[in-house]
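**Student:**
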DNA sequence: GATGAATGAGTTTTCATTCAT
DNA sequence: TATGAATGAAAACTCATTCAT
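Residue numbers (my numbering), protein chains in the order written: chain C, 37 to 235; chain X, 37 to 235; chain B, 37 to 235; chain P, 37 to 235.
1. Cβ of residue 104(X) less than 9 Å from any chain C Cβ?
2. Listing by chain order, which chain B residues have their CB less than 9 Å from the CB of residue 233(P)?
3. Using the C-alpha atoms, what's the distance from residue 174(B) back to residue 33(B)?
4. How is the alpha helix (DSSP H) around residue 86(B) delimited, first residue to last?
5. By the 9 Å beta-carbon criterion, what residues does the region 196-208 of chain C contribute toward chain X?
6. How about residue 57(X) and residue 90(X): are their beta carbons less than 9 Å apart?
7. Could you tell me the boundaries of the alpha helix (DSSP H) in which residue 64(B) lies?
8. Would you kindly work out how many angstroms separate the C-alpha atoms of residue 75(C) and residue 205(C), rounded to a whole number?
9. For a quick check, are the C-beta atoms of residue 221(C) and residue 121(C) less than 9 Å apart?
10. Using the C-alpha atoms, what's the distance from residue 226(X) back to residue 232(X)?
11. List the endpoints of the continuous alpha helix (DSSP H) containing residue 188(P).
12. When you compare the CB of residue 62(C) with every CB in chain X, is at least one pair closer than 9 Å?
13. Relative to the alpha-carbon of residue 169(X), which residue among 144(X), 107(X) and 118(X) has its alpha-carbon at the smallest distance?
14. Under 9 Å between the Cβ atoms of residue 209(P) and residue 230(B)?
15. Would residue 199(C) and residue 146(C) qualify as a contact pair, given that the criterion is a beta-carbon distance under 9 Å?
16. For residue 177(C), count neighbouring C-beta atoms within 10 Å of its own C-beta (all shown protein chains included) and say buried if the count is 16 or more, exposed if not.
17. Beta-carbon of residue 141(P) versus every beta-carbon of chain B: anything under 9 Å?
18. Which residues in the same chain have their Cβ closer than 7 Å to the Cβ of residue 216(C), if we skip the five residues on either side of it in sequence?
19. When DSSP labels each residue in this structure, what does residue 73(C) get in the three-state scheme?
20. Which word fits residue 150(C), buried or exposed, when buried means at least 16 other C-beta atoms lie within 10 angstroms of its C-beta?
21. Quick check: what's the CA-CA separation for residue 129(P) versus residue 124(B)?
22. Taking C-beta pairs closer than 8 Å, name the residues in chain B that residue 219(P) reaches, listed in chain order.
23. Starting from residue 223(X), find everything on chain C with Cβ-Cβ shorter than 7 Å and list it in chain order.
24. List the endpoints of the continuous alpha helix (DSSP H) containing residue 92(C).
25. Measuring only the C-alpha atoms, how far is residue 49(C) from residue 87(C)?
26. List the residues of chain C whose Cβ lies closer than 9 Å to the Cβ of residue 132(X), in chain order.
27. By the three-class DSSP mapping on this structure, what secondary structure does residue 135(P) have?
28. Is residue 178(X) near the ligand NAP, judged by its Cβ being under 8 Å from some heavy atom?
29. Find the residues of chain X that neighbour residue 146(C), judging by a C-beta separation of less than 9 Å, and give them in chain order.
30. I'd like the list of long-range same chain contacts for residue 190(C), defined as Cβ closer than 7 Å, with 5 residues on each side in sequence excluded.
31. Thinking just about the alpha-carbon of each residue, which of 53(C), 223(C) and 201(C) is nearest to the one in residue 187(X)?
32. Grouping DSSP H, G and I as helix and E and B as strand, with all else coil, what is residue 233(C)?
33. Looking at the C-beta of residue 54(P), does it have a partner C-beta in chain B at a distance below 9 Å?
34. Of all the CB atoms in chain X, is at least one closer than 9 Å to the CB of residue 226(C)?
35. Distance, Cα to Cα, residue 211(X) vs residue 135(C)?
36. On the premise that residue 82(B) lies in contact with residue 96(B), defined as a C-beta separation below 8 Å, what is that separation, rounded to the nearest angstrom?
Structural data, given as structure tokens:
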């Protein structure tokens, strides 16, 4: 009745559930996955799931956050205060495409789920304080200050750039045929570089 | 007991359902709307719904198609064979923002629903034969042929442009604060014009 | 997949469910009965249950109401404006015991269920306007007015009398050994007659 | 990590749990209280709870028993072999109302819970050997023997009296508006005194 | 004795869809 | 064509209880 009671340490268990969720969600999609599927994949009881996550939705959010936690430090490493806007932009794009392609399943999951997840997630992703947004913002800000590009409404420009990035990344990793990734990345990079021409 | 049973002609009835669906979906969102809500709003019996639509999902798709059917003729009207790429692009953007703002509810609905809807819808929207895609495609094609812009992988460029448009339009109509619409449209237009610089 | 679609008229169906519920509830008690048990007993699908009752709880309440609807007209028939308090009281007791013994299962059910049911039910039973309460009230009121009994706080007296009646009736029909009913009724009648002595 | 582990002596710990349970149950009601709530309130681990009580239900029963254990010695103290039935009865009523009002929360708890609790509890309360029942029984028995009151079926009379007492006490402490307590007690006393008239 | 992580059975309710009338 | 009563699968979440440590 009671199976192996191997009590893993809390973070381990959480991780275990997270990667089980990652797997089944990437395979079958949010709506086709039951909490019991995740639990089964993680080798735990359903109830245990709820010891670590408040709801099915919250795992997806955690997974999204995870994705962002992956990008943030890479962006930080990429950051070069001396680099111009037109040097930084392609590097950032590169980092995001790279991270995305290494975590294609996470991408797929993030493009999924209930509408509400998205808004929460995207809101968080673009929030003032968030590292990704922060990097982007600084890039634009410095670019304008240093006179490298024309003035823009940074908020808006960022959202549009993110929208295009998201489209490109998802196309490259989720929907498009494999192999198109690089062409997409290059096209996107060129378009964005052009979009904010050197003064 | 003797219910009205006023047999409207098929297309009329379909329309009636469609606009009922539009209303309730825009109000409450896909997951919070029952087929019976749509039926009630349309003033028909639940069963009747299924005489005109195969499933709940299919209304959303029909509504999405409707949105595209709204844009297509306007694009056609806007189409000017003599116009250059850089003249056409802003006009097309204008048309889409305009249509979207006149049909903000449809926008909201389209940003909603199950993942599957989206893929179906977006696939259809970008399909070779579709009028919207066709217009965009021609615009790019002619632009390149006439030497107005550099060569690009049109498929990819189109997807990216659409991605940015979608982001901008939804931001303008669904999420962003009211009033930002014009600023978004202008920023987006400038960015895209720049993205494909005059040769 | 779809079994006999014999559409009974609404009240018939309701009755059908009500008596199924009455049966299984009396047998197994509120907490041990699933909605599916009631549905099975009624020979309908689970979903159908919810077409006629809003919740499991609401059937019990309906059943309770039913019990009161049984008593009320009998009390009305028993009512004799000319009768003194001491003539009326035993008759009322008689009526209640009689009704209860004819509907012993309903009694059992009413002594059951979640606390909330009871309060709702009992509140309703004693509510100003309710026929049972009304009869009792009038009996006391007239008794006092005509000088047949001493003054009392009718509200309180009624509650206490009802409490004793409930105990007696449940003892007679639910818990006590069969056959004690009459002895209980007689003892109770005598006690209550004495409790409000002739002046 | 090194939690207090202050091993209280068994009865102390039991008491600790009991009063925690008393508190939370009175506040939120049986169905809305989790074992973990009780444990938390008691400052112990969930598992520890089960070292002292066999089940959630059993605490309620223990609490009920506790109530009776409170009444019993008071009744004993009140007991006066020389007192007549009509002297004893009001004193007993007084004692019960008094104890109940001092322990209104226990009253509330006892009027709650699953049906099963009640029957167990009430059965126990009226069982031959139980002190409360014993006192009542003796009171009736002596009253009859000494010719102070007419013969009655003591078992039945007791049950009815207890039913009325329970109603009155709960009305006074749980449901009725505060302040009515005394009026209820007086009405009840008068009614019961009358119910068993002096010969 | 104490802990608290793990268990997993258990149940109400919803709602898309069907189909006899 | 229209109806709307009937269907029944489906799933998230809770929580009393256990037991390895």
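We treat Cβ as the ideally placed atom computed from N, Cα and C, and that holds for glycine. Computed from a prediction, not measured in an experiment: that's the story for all the values here.
**Tutor:** Once the coordinates are examined:
1. no
2. What residue 233(P) touches in chain B: 230 and 233.
3. Chain B is shown only over 37 to 235; residue 33(B) falls outside these bounds and no answer can be derived.
4. 82-88
5. Answer set for the region 196-208 of chain C: 196, 197, 198, 199, 200, 201, 202, 203, 204, 206 and 207.
6. no
7. 46-64
8. 30 Å
9. no
10. When rounded, the distance between both Cα atoms is 10 Å.
11. That residue, residue 188(P), is in no alpha helix (DSSP H); it is neither H nor E in DSSP.
12. no
13. Residue nearest to residue 169(X) within the set 144(X), 107(X) and 118(X) is 107(X) (criterion: CA-CA distance).
14. no
15. No, the Cβ-Cβ distance between residue 199(C) and residue 146(C) is not below 9 Å.
16. exposed
17. No, because no Cβ of chain B sits closer than 9 Å to the Cβ of residue 141(P).
18. So the list reads 208, once near-sequence residues are dropped.
19. Helix.
20. Since pLDDT at residue 150(C) reaches only 48, below the 50 mark, its modelled position is unreliable, and the value read off the structure follows with that caveat. Within 10 angstroms of the beta-carbon of residue 150(C) lie 16 or more other beta-carbons, which makes it buried.
21. 28 Å
22. Against chain B, a Cβ distance below 8 Å from residue 219(P) picks out 189 and 192.
23. 188, 189, 192, 193 and 196
24. 92-114
25. So the alpha carbons of these two residues sit roughly 10 Å apart.
26. Within 9 Å Cβ-Cβ: nothing; residue 132(X) doesn't reach chain C, min ~14 Å.
27. For residue 135(P), the three-state secondary structure derived from DSSP is helix.
28. Absent from the structure shown: the ligand NAP. Ligands present: none.
29. The contacting residues do not exist; residue 146(C) stays about 11 Å from chain X at best.
30. 173, 176 and 177
31. Measuring C-alpha to C-alpha distances from residue 187(X) to each of 53(C), 223(C) and 201(C) identifies 223(C) as the nearest.
32. Of the three classes helix, strand and coil, the one that applies to residue 233(C) here is coil, per DSSP.
33. Taking Cβ atoms only, chain B never reaches closer than 9 Å to residue 54(P), which makes this a no.
34. yes
35. 28 Å
36. Between residue 82(B) and residue 96(B) the Cβ distance is about 17 Å, and since that is not below 8 Å, they are no contact.
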